Amino acid sequence: MAQPLDAAALDTIFRAARTYNGFTDAPFTQADARAIYDLLKMGPTSANQQPSRFVWCLDQASRETLAACASDSNADKIRKAPAAVVIGMDQEFHEQLPWLFPHTDAKAWFDGDPEGRKLSALRNGSLQGAYLIIAARALGWDVGPMSGFDADKVNAAFFADQPAVKVNFIATLGKGDPSSIFDRGPRPEFDQFNRVA
């Protein structure tokens with residue numbers, strides 16, 4: 001049975017965590033990327049779809065390629081970060097369901113339904129992108145998730161060999177530089193955006 005996390009862990013993942021626009025020179029390695037993935041893949045997706053496809057840009061050349069697809073301010077953030085990741089979503093994820101969800105013929109649910117697959121890939125891939133942020137923070141990393149890029153350019157640069165995979169969003173990773181963050185934006189109280197039915 002799950003136990004509540006202590007206050008320090010909740011601060012690390014949520015309350016004190018911030019979106020960073022810049023990072024220190026601390027290195028981010030392939031082992032770090034693997035550790036984050038090994039956590040995020042455990043988060044739930046519908047029928048264990050696992051539709052996200054991640055491209056980890058760990059060298060300067062790959063970050064330059066990604067930066068060339070981004071808006072001016074985001075391009076600079078990507079170039080200066082120790083790592084970046086492209087969070088893609090496979091719109092033919094259903095081809096993997098026979099082994100990912102062997103309990104029933106879940107692949108048949110999506111055969112012949114490209115719009116349904118697109119929606120499901122977006123929904124569940126976005127969940128996995130959020131799990132990436134939480135996993136990275138839990139392992140002591142800071143994250144700068146962003147849009148502000150040309151999706152067609154990102155797809156051409158990173159998924160040309162996988163035409164069913166489309167970018168969802170991108171993020172930078174590293175040890176955050178506190179001078180790079182804005183003041184925290186407002187967070188609404190429960191009653192403002194919630195109701196109990």
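Residue numbers (full-length UniProt numbering): 1 to 197.
In this text, a Cβ means the ideal position worked out from N, Cα and C, and glycines have one as well.
Everything numeric in this text was worked out from a predicted model, so none of it was measured.
Range of the contiguous alpha helix (DSSP H) that encloses residue i
| i | result |
| --- | --- |
| T12 | First-last for T12: undefined, no H or E at that position. |
| G116 | P114 to A138 |
| F158 | A151 to F158 |
| T45 | Run containing T45: none; DSSP gives neither H nor E here. |
| R63 | Q60 to A67 |
| L97 | L97 to L100 |
| Q192 | F190 to F193 |
Residue i versus the options, residue with shortest Cα-Cα distance
| i | options | result |
| --- | --- | --- |
| G112 | S126, F93 and T104 | F93 |
| Y20 | M146, M1, T29 and A8 | M146 |
| F54 | R187, Q162 and F190 | Q162 |
| T24 | P4, N155, A151 and K80 | K80 |
| T29 | T12, A9, L5 and L58 | L58 |
| Q60 | S46, S52, A7 and A75 | A75 |
| T65 | R184, A156 and A164 | A156 |
| L139 | L173, F169 and N124 | L173 |
| A33 | T104, A84, N194 and A106 | A84 |
| D72 | S180, S179 and D150 | D150 |
Backbone CA spacing between residue i and residue j [nearest angstrom]
| i | j | result |
| --- | --- | --- |
| R63 | G116 | 32 Å |
| K153 | G129 | 20 Å |
| G88 | C69 | 14 Å |
| Q96 | A197 | 37 Å |
| G148 | W141 | 22 Å |
| D90 | L100 | 14 Å |
| K77 | F159 | 22 Å |
| P27 | A9 | 23 Å |
N-terminal and C-terminal residue of the beta strand (DSSP E) that residue i is part of
| i | result |
| --- | --- |
| F23 | First-last for F23: undefined, no H or E at that position. |
| S52 | S52 to C57 |
For residue i: DSSP bridge partner residues
| i | result |
| --- | --- |
| L173 | A83 and V143 |
| A70 | F149 |
Presumed contact (8 Å Cβ cut-off) between residue i and residue j, rounded CB distance
| i | j | result |
| --- | --- | --- |
| K41 | Q50 | 7 Å |
| I36 | L132 | 6 Å |
| R18 | G176 | 7 Å |
The ligand GDP heavy atom lying under 7 Å from the CB of residue i
| i | result |
| --- | --- |
| F28 | With respect to the ligand GDP, the structure shown offers nothing to examine, as it has no ligands at all. |
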